[in-house]
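Report on the following structure.
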Amino acid sequence: MSTRQRVVSAILGEHRALSAVIEALRHVALAVEQGGLQPDYVMLWSLVYYIDQYPETHHHPMEEQALFPAVRARSAGLEEVLDELGRQHGASRAHLDELRALLGNMEAGIPGARQAFAATAASYAGFHQRHMLLEESRVLPTAIEVLREEDWEALLPRVQGRADPLDAQAVNSDPWFREVFRRLVAIVPQPWGLGAPR
Ligand SMILES: [Fe+2]
Ligand SMILES: [Fe+2]
0 MSTRQRVVSA ILGEHRALSA VIEALRHVAL AVEQGGLQPD YVMLWSLVYY IDQYPETHHH
60 PMEEQALFPA VRARSAGLEE VLDELGRQHG ASRAHLDELR ALLGNMEAGI PGARQAFAAT
120 AASYAGFHQR HMLLEESRVL PTAIEVLREE DWEALLPRVQ GRADPLDAQA VNSDPWFREV
180 FRRLVAIVPQ PWGLGAPR
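This is how it looks when you write it as structure tokens:
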């Protein structure tokens with residue numbers, strides 16, 4: 000596999016892991032709101048922790064500090080898209096903080112918190128799906144077109160520096176995260192989970 004393929008497949012793999020976690024969170028929040036599922040707070044807090052510790056702390060900064068500047072340096076055509084994605088990275092942690100506050104409210108049994116948590120989880124999922132789609136449809140194809148071998152070589156340590164703990168192949172593959180994830184996919188419908196198809 001070329002350096003370019005390794006970088007691109009690492010980024011796509013991180014998007015898939017984040018999609019799976021966020022879709023699972025959306026599904027669980029909805030099932031809890033509708034009364035079909037008792038909330039498992041250890042699992043819900045673990046998902047929020049994963050999003051905070053991995054995508055927010057590693058993936059978005061890697062794009063913001065390494066991938067986007069590399070693309071900007073080689074192409075002038077994506078300025079508006081990259082600016083918009085940068086604004087979305089900035090807004091992402093605030094959304095997560097809101098989700099965290101609502102999860103606390105839900106655990107405290109505050110009236111209406113289940114509904115608010117489900118609505119926020121759904122909008123958070125939609126926000127991230129649109130964000131990743133924009134990166135995959137605009138930024139990655141341009142990167143593949145304009146970046147040179149030395150650019151990919153410089154990006155490689157950034158995507159390998161702290162590989163996704165949900166990835167079984169990763170150097171720092173984390174059994175704790177994978178166990179949380181295993182429990183999660185068992186209750187979430189396909190295609191994100193292993194439960195009955197919707
Ligand atoms: Fe991003
Ligand atoms: Fe991304």
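Residue numbers (numbering that gives the first Met the number 0): 0 to 197. All C-beta atoms in this analysis are idealised placements derived from N, C-alpha and C, irrespective of residue type, glycine included.
Within a Cβ cutoff of 6 Å, which residues of the same chain sit near residue i, ignoring the five residues on either side of it in sequence?
i: S45; result: V179
i: R3; result: W151
Near residue i, what residues of its chain come up, given a Cβ to Cβ distance below 8 Å and the 5 sequence neighbours on each side ignored?
i: E81; result: As written in the sequence, residue 81 is Leu, which differs from the Glu given in the question. F67, V70, R71 and V138, listed in sequence order.
i: E55; result: S91, R92 and L95
i: L183; result: V20, A23, V27, M42, L46 and G192
i: R147; result: R73
i: E78; result: R71
i: I143; result: R3 and V7
i: G85; result: E63 and F67
i: G76; result: T141
Under 7 Å Cβ to Cβ from residue i, same chain only, skipping five residues before and after it: list those, please.
i: D51; result: L95
i: M105; result: P38, A112, R113 and F116
i: S74; result: T141 and V145
i: V158; result: V6, A9, I10 and M61
i: L40; result: The identity of residue 40 in the sequence shown is Tyr, whereas the question assumes Leu. So the qualifying residues of the chain are E106.
i: R99; result: V47
For residue i, which of the options has the nearest alpha-carbon?
i: L101; options: E79, P54, A142 and A118; result: A118
i: H58; options: D39, S1, M131 and H26; result: M131
i: A185; options: R5, G89 and M42; result: M42
i: L31; options: G108, E78, A153 and A75; result: The question names Leu, but residue 31 is Val in the sequence shown. Among G108, E78, A153 and A75, the Cα nearest to that of V31 is on G108.
i: R129; options: S1, M0, L17 and R5; result: L17
i: A120; options: A65, S1, A28 and E78; result: A28
i: R15; options: S1, E148, E135 and P156; result: E135
i: M0; options: F176, L155, W175 and E13; result: L155
i: G89; options: E79, G34, E63 and R99; result: E63
i: A65; options: G103, A153 and P174; result: A153
i: E83; options: E13, G34, L133 and E149; result: L133
Segment contact, 8 Å Cβ cut-off, at least three pairs: the stretch 117 to 132 with the stretch 13 to 24 = Contact between the stretch 117 to 132 and the stretch 13 to 24 is present: three or more C-beta pairs spanning the two stretches fall below 8 Å.
message = Count Cβ pairs between the stretch 2 to 18 and the stretch 84 to 104 that sit closer than 8 Å; are there 3 or more?
response = Judged by Cβ distances under 8 Å, the stretch 2 to 18 makes no contact with the stretch 84 to 104, as fewer than three pairs qualify.
key: Segments assigned alpha helix (DSSP H), at least 4 residues, entirely inside the stretch 22 to 69   = If one requires a minimum length of 4 residues, the alpha helix (DSSP H) runs lying completely within the stretch 22 to 69 are 40 to 52, in chain order.
ask   = What are the complete alpha helix (DSSP H) segments, minimum 4 residues, inside the stretch 98 to 167?
value = If one requires a minimum length of 4 residues, the alpha helix (DSSP H) runs lying completely within the stretch 98 to 167 are 112 to 133, 139 to 145 and 148 to 159, in chain order.
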